[in-house]
Amino acid sequence: MLAAQYATQEWIAWTVRVSSGFICAPLTNEIADRLALPPMVEHNEDPRGTAYTVTVDAANRLTTGISAADRANTLRILADPTSTPSALTRPGHIVPLRAVDGGVLVRNGHTEAAIDLLLLAGLEPAAAICEVVGDDGEMLRLEGLLALGERDDVPVIAIKDLVDWLIAARDGVAAVSA
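Numbering (UniProt numbering), first residue to last: 1 to 178.
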């Protein structure tokens, strides 16, 4: 997960290298509404209930929208609280996702985890996420993710850890870090 407001060409290029290249952008409903991002389909059949919206590119893109620089620019526009619908073109190469209000305590998903982490950090609630894959093209599981984190000096957090921390904070229990 990357804070969209800090998206750079270098980080998006890294993200593409460690993933399938399919980059999604979790957003709050407030941001998605402000940017006029309707659902991708009328009847969502995703088994996990992921709320995909129409895909977008930055209207001021440099090339076709697929480059790391263009996708980073699109992500920064999604995170910019002054952006308007005209700052984006549809369809595009970034897939915004609407997070469920209430975060991971309501829906235990990557979309909500990203928004919760950004809000805890005091950042704009817009992120970049991807499914990390191994050399064989299969999604990495915990062991592989931990190895990648170690190799590339990237922190790894489990959604369960975030849920536990949020519950402890809500209930007034002192959270203990490992």
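Where is the CB? At the ideal position from N, CA and C, for every residue including glycine.
query	result
Local Cβ density within 10 Å of Arg17, reported as buried at 16 or more and exposed below that	exposed
Environment of His93 [buried if 16+ CB atoms lie within 10 Å]	buried
Straight-line gap, Arg107 to Thr74 (C-alpha atoms, nearest Å)	26 Å
Enclosing alpha helix (DSSP H) for Ile115 [first to last residue]	110 to 120
Own chain partners of Leu123 with C-beta closer than 7 Å, once the 5 adjacent residues on each side are dropped	Ala3, Gln5
Residues bridged to Ile94 (per DSSP)	Val56
Terminal residues of the alpha helix (DSSP H) in which Ala69 lies	68 to 79
Cβ neighbours of Ala72 in the same chain (closer than 6 Å, five flanking residues each side left out)	Ala7, Thr8, Gln9, Ile12
Residues bridged to Ile129 [DSSP beta-bridge criterion]	Cys24
As assigned by DSSP and simplified to three states, the class of Ala32	helix
Beta-ladder partner(s) of Pro39, from DSSP	Thr53
Whole alpha helix (DSSP H) elements within the segment 140 to 175, 4-residue minimum	142 to 152, 159 to 170
Per-residue burial, Val104 [other beta carbons within 10 Å of its own, 16 or more giving buried]	buried
For Ala51 and Arg98, believed in contact at Cβ under 8 Å, the rounded distance	4 Å
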